[in-house]
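Single-structure report; data block below.
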Amino acid sequence: MANKVFSEDMATDKELIISEGAPIAEVARTITSDVSEEAVKKGDAFAKEIVGRFVSDFEKNGDKMAHVSTFIVIDGYVYMTYYANTKEPSEDPKNQTARLVYAPIDDIDNKTFMDLQTTGDTVGDKTIDMVYDTILMQKDSKTIYIMWTARITEGNYYRFYCPFDLESKTLGEIGVNRFKVGETVNDFSFSGIRKALAREGVPCKKMYSDIGIMQKLSSREENGETYYYSGTYSGDFTAIIKSRDLVTWEYVSQPDFINDSKWENATYVLGDKVFYFVRQQDGNKSGFLTAYNLNDNSWDKPVEIYDCQSRSDFIIYNNEMYLFHAPIDREHIGIIKINTDDISKSEVLLQANMQSSCFYPFIQYYKNGELAMSYTVARKHIRLAEFKLSNYI
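Residues in the sequence shown are numbered from 1492 upward in steps of one, following our numbering.
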């Protein structure tokens, strides 16, 4: 196993082309946090519903910190992932653990906790010294993949995955995701991304710190095969990726206009467009919404949306697209109804003061065709709550 987990990056003599990062010069529209009374009223009702329809907290007794949730409901079970610090109350990757939790949906307190990896663990012949964002994706009817970022002691960051058998409730072997650009395929690592882009002559904005894959999957049929779309990020570099097997991820595109992007980029493919919202630099009041047109490889003129620079999420509900984001701070949730024909005509559905910490929302279907939201509370709780979006439409 030690010789199979990691592979060498494909050699290249080419230098990586670094793209400029700067505030967007021209936008189609700016959506601010100055919203209508109706949007605020709906937001108040949404905040009350989230509190009133609390499902459960998923952190483990003894956790000092927990953050970045993903969940899915399959065959009567709720599966939740996040990373936790069991040693001290800070978001410090040197003390973090990647975790899966599952429970019957009708017996939610009957939770099983499974730790995937923690600092000090070994994978193959490498030792882990940092653990970061942990997500899950459903591979098929029998398998989900738990996926996370970790750094090895040599200093390189990798995206790892581990299959979980839904029938036996057992974990498989840990592997490394792969990153493909053109004809170049490397490990999905900090160095692998940079060298693959350099080898294929693809420009890249400044990368730093860890690397990530966004947790929301959407799919599209291409040449008779199903491709799953997501986003990837490292520092200022954010891009669309796609995969047939959730192991090897192919580079698709990144915004072709100068922008201020930073970290997590929400994506959703619908028809021949990939909708895209990403936070920007800390001093910027807005994230930006755009769409990539797969037929002609063009990007729509961006719409800036006030955002406190948090993680956002798309969902399709009743055949309409919605974006959940943080318009003011991490105690507010905003919902934008996306006009998929003309993103500049997208509108605020509601803006909610949640009255407490409520950030990094992740939206998924839960029961009876309705939704639930998992989110972080003060980096202390991984919380799940139900809501009915049609109440506000």
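Ideal placement from N, C-alpha and C gives every residue a C-beta, glycine not left out.
| message | I'd like the list of long-range same chain contacts for D1548, defined as Cβ closer than 6 Å, with 5 residues on each side in sequence excluded. | response | Translated into positions along the sequence shown, residue 1548 becomes position 57. Hits under 6 Å: H1872, R1874.
| message | Can you tell me whether G1703 is helix, strand or coil according to DSSP? | response | Here residue 1703 corresponds to residue number 212 of the sequence shown, with the count starting at 1. DSSP places G1703 in strand when its eight states are reduced to three.
| query | Just how far apart, CA to CA, sit D1678 and E1499? | reply | For the purposes of this step, residue 1678 is taken as the residue at position 187 of the sequence shown. For the purposes of this step, residue 1499 is taken as the residue at position 8 of the sequence shown. Spanning the two alpha carbons is a distance of roughly 8 Å.
| task | Mark F1728 as exposed unless 16 or more other C-beta atoms lie within 10 angstroms of its C-beta, in which case mark it buried. | result | As a working mapping, residue 1728 is identified with position 237 in the sequence shown. The residue is buried, with at least 16 neighbouring Cβ atoms inside 10 Å.
| query | In the DSSP assignment, what residue or residues form a beta bridge with E1741? | reply | Stepping through the sequence shown from its first residue, residue 1741 is reached at position 250. Per DSSP, K1671, K1733.
| Which whole-angstrom value describes the C-beta separation of V1592 and T1609, a residue pair presumed to lie in contact below a C-beta threshold of 8 Å? | Residue 1592 sits at position 101 when you count from the first residue of the sequence shown. Residue 1609 sits at position 118 when you count from the first residue of the sequence shown. About 15 Å separates the two Cβ atoms, so there is no contact after all.
| For E1645, does the count of other Cβ atoms within 10 angstroms reach 16, so buried, or fall short, so exposed? | The sequence position of residue 1645 within the sequence shown is 154, counting from 1. Exposed is the call here.
| When you compare each of I1826, D1736, N1714 to S1721 by their alpha carbons, which one comes out closest? | Taking the sequence shown and counting its residues from 1, one reaches residue 1721 at position 230. Of the candidates I1826, D1736, N1714, the one whose C-alpha sits nearest the C-alpha of S1721 is D1736.
| task | Quick one: give me the first and last residue of the alpha helix (DSSP H) that A1538 is part of. | result | Position 47 of the sequence shown, counted from the first residue, corresponds to residue 1538. Residues 1528-1543.
| said: Out of S1744, V1738, S1725, which one is the CA nearest neighbour of I1732? | reply: Position 241 of the sequence shown, counted from the start, is the residue given in the question as residue 1732. Taking only the C-alpha atoms, the option nearest I1732 is S1744.
| Cβ-based neighbour list, N1786, same chain, cut-off 8 Å, excluding 5 preceding and 5 following | Against the sequence shown, residue 1786 aligns to sequence position 295. Only D1763 meet the Cβ criterion.
| said: Short of 7 Å in beta carbon distance, which residues of its chain neighbour E1890, apart from the five on each side in sequence? Order them along the chain. | reply: Since the first residue of the chain shown is 1492 and the last is 1884, residue 1890 is not available in this structure.
| task | Determine the burial state of F1805: buried for a count of at least 16 other Cβ atoms within 10 Å of its Cβ, exposed for fewer. | result | Numbered from 1 along the sequence shown, position 314 holds the residue referred to as residue 1805. Flag for F1805 reads buried.
| query | With M1845 and I1541 assumed to form a contact (beta carbons below 8 Å), what rounded beta-carbon distance in angstroms separates them? | reply | The residue you call residue 1845 lines up with position 354 of the sequence shown. The residue you call residue 1541 lines up with position 50 of the sequence shown. About 7 Å separates the two Cβ atoms, so the contact holds.
| Where does P1694 sit, in a helix, a strand or coil, going by DSSP? | Counting from one through the sequence shown, the residue named residue 1694 turns up at place 203. Coil, per DSSP.
| query | Rounded C-beta distance between I1796 and S1777? I'm assuming under 8 Å. | reply | Position 305 of the sequence shown, counted from the start, is the residue given in the question as residue 1796. Position 286 of the sequence shown, counted from the start, is the residue given in the question as residue 1777. Rounded, the Cβ-Cβ distance is 6 Å, consistent with contact.
| Exposed or buried, T1625, counting other C-beta atoms within 10 Å across all chains shown (16 or more means buried)? | Here residue 1625 refers to the residue found at position 134 when the sequence shown is read from its first residue. Label assigned to T1625: buried.
| Can you pull the DSSP bridge partners for P1654? | For the purposes of this step, residue 1654 is identified with residue 163 of the sequence shown, where counting begins at 1. P1654 is bridged to Y1636.
| What separation, rounded to the nearest whole angstrom, lies between the Cα atoms of D1525 and R1770? | Position 34 of the sequence shown holds residue 1525. Position 279 of the sequence shown holds residue 1770. Roughly 19 Å between the two C-alpha positions.
| request: Ignore the nearest five residues each way along the sequence and tell me which others in M1441's own chain have a CB closer than 6 Å to its CB. | output: Lying before the first or after the last residue shown, residue 1441 is absent from the chain, which here runs from 1492 to 1884.
| Is the number of C-beta pairs between the segment 1503-1517 and the segment 1838-1855 that are closer than 8 Å three or more? | Between the segment 1503-1517 and the segment 1838-1855, the count of Cβ pairs shorter than 8 Å is below three; the stretches do not touch.
| query | Do E1811 and V1546 have their CB atoms nearer than 9 Å? | reply | Within the sequence shown, numbered from 1, the residue matching residue 1811 stands at position 320. Within the sequence shown, numbered from 1, the residue matching residue 1546 stands at position 55. It is not a contact, given that the beta carbons lie outside the stated cut-off.
| Of the residues E1713, S1725, F1655, the one placed nearest S1682, counting alpha carbons only | Residue 1682 sits at position 191 when you count from the first residue of the sequence shown. Nearest to S1682 by alpha-carbon distance, out of E1713, S1725, F1655, is S1725.
| request: Classify L1662 as helix, strand or coil using the three-state DSSP reduction. | output: Position 171 of the sequence shown, counted from the start, is the residue given in the question as residue 1662. Three-state result, L1662: strand.
| request: Report all residues from its chain with a CB closer than 6 Å to the CB of A1594; omit the five preceding and five following residues, and keep chain order. | output: For the purposes of this step, residue 1594 is taken as the residue at position 103 of the sequence shown. Closer than 6 Å at Cβ, skipping near neighbours: V1569, N1601, K1602.
| field | Beta-carbon proximity check, R1802 vs Y1851, cutoff 9 Å | value | Taking the first residue of the sequence shown as position 1, residue 1802 is located at position 311. Taking the first residue of the sequence shown as position 1, residue 1851 is located at position 360. Yes, they are a contact pair.
| request: Count the other C-beta atoms from every protein chain shown that fall within 10 angstroms of the C-beta of P1580, then say buried if there are 16 or more, exposed otherwise. | output: As a first step, residue 1580 is located in the sequence shown; it is residue number 89 there, counting from the start. Under the 10 Å beta carbon count, P1580 is surrounded by fewer than 16 other beta carbons and is classified as exposed.
| said: Going by DSSP, what residue range makes up the beta strand (DSSP E) through G1825? | reply: Here the question's residue 1825 lines up with position 334 in the sequence shown. Looking at the DSSP string, the run of the beta strand (DSSP E) that includes G1825 is 1823-1829.
| query | Considering K1617, what are the terminal residues of the beta strand (DSSP E) in which it resides? | reply | Sequence index remark: in the sequence shown, residue 1617 carries index 126 (1-based). Under the DSSP assignment, K1617 falls in the beta strand (DSSP E) whose first and last residues are 1617-1631.
| query | Where E1658 and M1638 are concerned, what is the direct C-alpha to C-alpha distance, given to the nearest angstrom? | reply | Working through the sequence shown from its first residue, we reach residue 1658 at position 167. Working through the sequence shown from its first residue, we reach residue 1638 at position 147. Straight-line Cα distance between these residues: approximately 19 Å.
| field | Alpha-carbon to alpha-carbon, I1643 and L1840 | value | Taking the sequence shown and counting its residues from 1, one reaches residue 1840 at position 349. Taking the sequence shown and counting its residues from 1, one reaches residue 1643 at position 152. Cα to Cα, L1840 sits roughly 44 Å from I1643.
| said: For the beta strand (DSSP E) containing S1560, name the first residue and the last one. | reply: Taking the first residue of the sequence shown as 1, we reach residue 1560 at position 69. Run containing S1560: 1556-1565, per the beta strand (DSSP E) assignment.
| field | T1439 burial status per 10 Å Cβ neighbour count (16 or more: buried) | value | Any question about residue 1439 goes unanswered here, given that the chain covers just 1492 to 1884.
| request: Can you tell me which of T1561, G1715, D1791 puts its alpha carbon nearest to the alpha carbon of V1518? | output: For the purposes of this step, residue 1518 is identified with residue 27 of the sequence shown, where counting begins at 1. The shortest C-alpha separation from V1518 is found at D1791.
| task | Go through the segment 1785-1867 residue by residue and report every complete run of the beta strand (DSSP E) that reaches 3 residues or more, in order. | result | 1794-1797, 1804-1808, 1811-1816, 1823-1829, 1838-1844, 1850-1856
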